[in-house]
Amino acid sequence: MTQQGGSKTGLSRRTVLGAAGTMAASAYGFGAQAQEMNVRFVGERYPALEFYVKKLQGALPNVKVTADLMPNAPLKELQTITLSSGADSIDIMLGNDLTIANFAQNGWLEPLDEYIAKHKDEYKLDDFAKMAMSSASFGGKVYGLPVLTNTQLMAYRQDLFEAKGLKPPTSFEEYIAAAGALNSPSVAGTVMTLKGDGVLNEGHWYLNALGDGWFDASKKPVFNSAKGIAAIETMKSLTHFAPRGYTANGNDESTILFQQGAAAMGMQWLTRTAAMDRQDQSKVIGKINWAPPPRGGQVVVADSFAISKFSSRNKDTLFRLLAATLSPANQREGASLACPTRVSVLEDPELRQRFRYYNVLVPALDKGAIFPKFAEFKEVSETVTRRILQAVTGEMPVKEALHTGAKEAEDFLTRRGVYK
Numbered sequence: 022m023t024q025q026g027g028s029k030t031g032l033s034r035r036t037v038l039g040a041a042g043t044m045a046a047s048a049y050g051f052g053a054q055a056q057e058m059n060v061r062f063v064g065e066r067y068p069a070l071e072f073y074v075k076k077l078q079g080a081l082p083n084v085k086v087t088a089d090l091m092p093n094a095p096l097k098e099l100q101t102i103t104l105s106s107g108a109d110s111i112d113i114m115l116g117n118d119l120t121i122a123n124f125a126q127n128g129w130l131e132p133l134d135e136y137i138a139k140h141k142d143e144y145k146l147d148d149f150a151k152m153a154m155s156s157a158s159f160g161g162k163v164y165g166l167p168v169l170t171n172t173q174l175m176a177y178r179q180d181l182f183e184a185k186g187l188k189p190p191t192s193f194e195e196y197i198a199a200a201g202a203l204n205s206p207s208v209a210g211t212v213m214t215l216k217g218d219g220v221l222n223e224g225h226w227y228l229n230a231l232g233d234g235w236f237d238a239s240k241k242p243v244f245n246s247a248k249g250i251a252a253i254e255t256m257k258s259l260t261h262f263a264p265r266g267y268t269a270n271g272n273d274e275s276t277i278l279f280q281q282g283a284a285a286m287g288m289q290w291l292t293r294t295a296a297m298d299r300q301d302q303s304k305v306i307g308k309i310n311w312a313p314p315p316r317g318g319q320v321v322v323a324d325s326f327a328i329s330k331f332s333s334r335n336k337d338t339l340f341r342l343l344a345a346t347l348s349p350a351n352q353r354e355g356a357s358l359a360c361p362t363r364v365s366v367l368e369d370p371e372l373r374q375r376f377r378y379y380n381v382l383v384p385a386l387d388k389g390a391i392f393p394k395f396a397e398f399k400e401v402s403e404t405v406t407r408r409i410l411q412a413v414t415g416e417m418p419v420k421e422a423l424h425t426g427a428k429e430a431e432d433f434l435t436r437r438g439v440y441k
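Just so we're aligned: 88 in the numbering used here is position 67 of the sequence shown, and the numbers increase by one with no gaps anywhere.
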């Protein structure tokens, strides 16, 4: 929005000031005679986002939101092409952890810290879970408001635990002991989900809970430190209690193992919890419960609303549009579609009664860990996780596999010019 400069028109001072006031009101999207602001949103198509798009379109008066929803791959292509050219045809968008990091690193997103400080009280912005806000941050600045979050909990068969006199483990020593005690020919002591990006997610837990994480602040590998090697050795030891063919198990397969009563415990995404009580699929209805993963460190991801740096719309209005959309009332209404990002909603007594895992969700989120925040992580992790898989299956000794992966990672990042 632009303001006109003054000139001699013969109008009175009161008229000029009145016109200026009307223009200011229009620029911020309010006032009796406010002009309509047209805003374009682009995001991925899935039920939870469709819900929030409807809320977005009615969040502020005099703001008309046009939404383009599409599958993930064409969305990323559209965002990258548009933003890399500096075009202003996208105003607000959806991004995940790695997208936010990549786009922020390239200078394509508007930092939101100024607007958060200004509107913190009005929109109760301190209510967002800290880990969810971390997912929408990069380089010490906030670049998004988290729409929904996802993490892994430790799912366990409460009936089997009680029959053995066991409590949900809070340490890896207890986890290994419980897996051994509950393992049988018909029930695996623990699921291990190592198909596709399952190695990344499972390895993330071990390396953050027991090791030093993936990379240090200089993007140098630390997953092959002494603690990292011990962490993957622990991961390898638990394969003795995993189902047959565990390397071919993705989230779908692990979900079915739980539903069929063939697994005693293991890591499970929030988005899979509802399947445990599905009447047409599950044999363990009401028997699965959840606890925070021992020592925390499990992956936490979030989808967030962000503002294009190149949008010509008033950025304050765009921010208020996003903040109003993610109100506690809207997040409470959409709780059946996605995990909310506001603590007040996560602690809502009614929702805790409807969704059993809500009782442990806040402490789990507080102790979770996001993926490393640099643009090349997703690519370099593909090489590293291949070595981790070779380590846990015994194809290579753990120490050798991780040191090999570390050298490959450094070579890759060097070629990409990451190290200055």
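By construction, the Cβ of each residue, glycine as well, lies at the ideal position given by its N, Cα and C atoms.
Out of the options, which has the shortest C-alpha to C-alpha gap to residue i?
i: Met256; options: Ala422, Asp233, Trp226 and Ser205; result: Trp226
i: Glu131; options: Met114, Leu119 and His140; result: Met114
i: Lys240; options: Ser192, Ser402 and Arg373; result: Ser402
i: Met288; options: Met91, Asn245, Leu221 and Pro242; result: Leu221
i: Phe331; options: Gly79, Thr103, Lys76 and Tyr67; result: Thr103
i: Ala122; options: Lys399, Asn59 and Arg377; result: Lys399
i: Ile197; options: Gly210, Ser205 and Pro206; result: Gly210
i: His419; options: Gly224, Thr214, Gly282 and Ala284; result: Before going further, note that residue 419 is Val rather than His in the sequence given. The candidate whose alpha carbon is nearest that of Val419 is Gly224.
i: Met286; options: Gly201, Val321 and Gly116; result: Gly201
i: Ala176; options: Ala284, Glu431, Gly355 and Asn229; result: Ala284
i: Gly317; options: Met417, Gly234 and Ser207; result: Gly234
i: Phe395; options: Gly161, Leu382, Glu143 and Pro92; result: Gly161
i: Ser258; options: Gly282, Met297, Val212 and Gln302; result: Val212
i: Lys76; options: Ala344, Arg293, Glu368 and Pro384; result: Ala344
i: Thr346; options: Val208, Val168 and Tyr67; result: Val168
i: Asp273; options: Thr260, Gly79, Met297 and Phe262; result: Met297
i: Phe124; options: Lys141, Lys97, Asp142 and His140; result: Lys97
i: Gln78; options: Tyr67, Met91 and Glu57; result: Glu57
i: Ile111; options: Ser207, Tyr73 and Phe62; result: Phe62
i: Met154; options: Lys336, Ser325 and Glu368; result: Ser325
i: Val208; options: Glu143, His140, Val74 and Ile277; result: Ile277
For residue i, I'd like the list of residues in its chain whose CB is within less than 6 angstroms of its CB, leaving aside the five on either flank, ordered along the chain.
i: Leu70; result: Gly64
i: Ala53; result: Residue placement at Ala53 is poorly supported in this model, since its pLDDT is 41, which falls under 50; the coordinates still yield a value, given next. Cβ neighbours of Ala53 beyond the five flanking positions: none.
i: Thr414; result: none
i: Ala184; result: none
i: Lys188; result: none
i: Met152; result: Val321, Leu386 and Gly389
i: Ala327; result: Met114, Gly116, Leu130, Tyr164 and Gly165
i: Ala269; result: Lys216
i: Ala199; result: Leu187 and Pro190
i: Leu372; result: Ala356 and Tyr379
i: Pro384; result: Pro313
i: Leu358; result: Pro68, Ala69 and Phe72
i: Asp89; result: Val63
Within 10 angstroms of the Cβ of residue i, are there 16 or more other Cβ atoms? Answer buried if so, exposed if not.
i: Lys388; result: buried
i: Arg436; result: exposed
i: Gly42; result: Confidence is the limiting factor: at Gly42 the pLDDT is only 40, short of 50, which leaves the residue's position unreliable, though a coordinate-based value still follows. Exposed is the call here.
i: Lys85; result: exposed
i: Thr87; result: exposed
i: Arg334; result: buried
i: Asn127; result: exposed
i: Glu397; result: buried
i: Ala94; result: exposed
i: Lys352; result: Just to set this straight, residue 352 is Gln in the shown sequence, not Lys. Classification for Gln352: buried.
i: Gly232; result: buried
i: Ser106; result: exposed
i: Ala108; result: exposed
i: Pro314; result: buried
i: Gln280; result: buried
i: Asn59; result: exposed
i: Gln100; result: buried
i: Arg265; result: exposed
Can you name, in chain order, every residue of its own chain whose Cβ lies under 8 angstroms from the Cβ of residue i, other than the five neighbours on each side?
i: Gln374; result: none
i: Pro349; result: Lys145, Asp148, Arg363, Ser365 and Val366
i: Glu179; result: Note that residue 179 is Gln in the sequence shown, not Glu. If we look at Gln179 and ignore the five residues flanking it on each side, its Cβ neighbours are Lys308, Ile309 and Asn310.
i: Phe159; result: Ile121, Ala122, Ala125, Gln126 and Lys394
Report all residues from its chain with a CB closer than 7 angstroms to the CB of residue i; omit the five preceding and five following residues, and keep chain order.
i: Phe236; result: Pro242, Val243 and Pro393
i: Leu423; result: Phe244, Asn245, Gly249, Ile250, Ile253, Arg408 and Ala412
i: Asp118; result: Ser156, Val322, Ala323, Ile391 and Phe392
i: Phe433; result: Val401 and Thr404
i: Leu291; result: Asn171, Thr172, Leu174, Cys360 and Tyr378
i: Tyr267; result: Met213, Leu215 and Thr260
From the beta carbon of residue i, is the nearest beta carbon of chain C less than 8 angstroms away?
i: Asn222; result: Here chain C cannot be found, since the structure has a single protein chain.
Next item on the list: Would you check if the stretch 129-136 and the stretch 322-341 touch, i.e. whether three or more CB-CB distances between them fall below 8 angstroms?
Entry: yes
Check: Do three or more CB pairs link the stretch 146-165 to the stretch 302-309 at distances below 8 angstroms?
Finding: By the Cβ criterion, the stretch 146-165 is not in contact with the stretch 302-309, since fewer than three pairs of Cβ atoms, one from each stretch, lie closer than 8 angstroms.
Check: Are the stretch 404-419 and the stretch 208-220 touching, with three or more C-beta to C-beta distances below 8 angstroms?
Finding: yes
Note to self: Using 8 angstroms as the cut-off, can you tell me whether the stretch 231-248 makes contact with the stretch 420-439, which would need three or more C-beta pairs spanning the two stretches below that distance?
What the structure shows: Contact between the stretch 231-248 and the stretch 420-439 is present: 3 or more CB-CB pairs across the two stretches fall below 8 angstroms.
Check: Is the stretch 245-260 close to the stretch 422-430, with three or more CB pairs under 8 angstroms?
Finding: yes
Check: Whole beta strand (DSSP E) runs in the stretch 333-365 with 3 or more residues, listed along the chain?
Finding: List check, beta strand (DSSP E) in window: nothing returned.
Next item on the list: Give, in chain order, every unbroken run of the alpha helix (DSSP H) that is at least 4 residues long and sits entirely within the stretch 198-259.
Entry: 219-230 and 247-258
Next item on the list: Counting only runs of 4+ residues fully inside the stretch 134-160, write out the alpha helix (DSSP H) ranges in chain order.
Entry: 134-140 and 151-156
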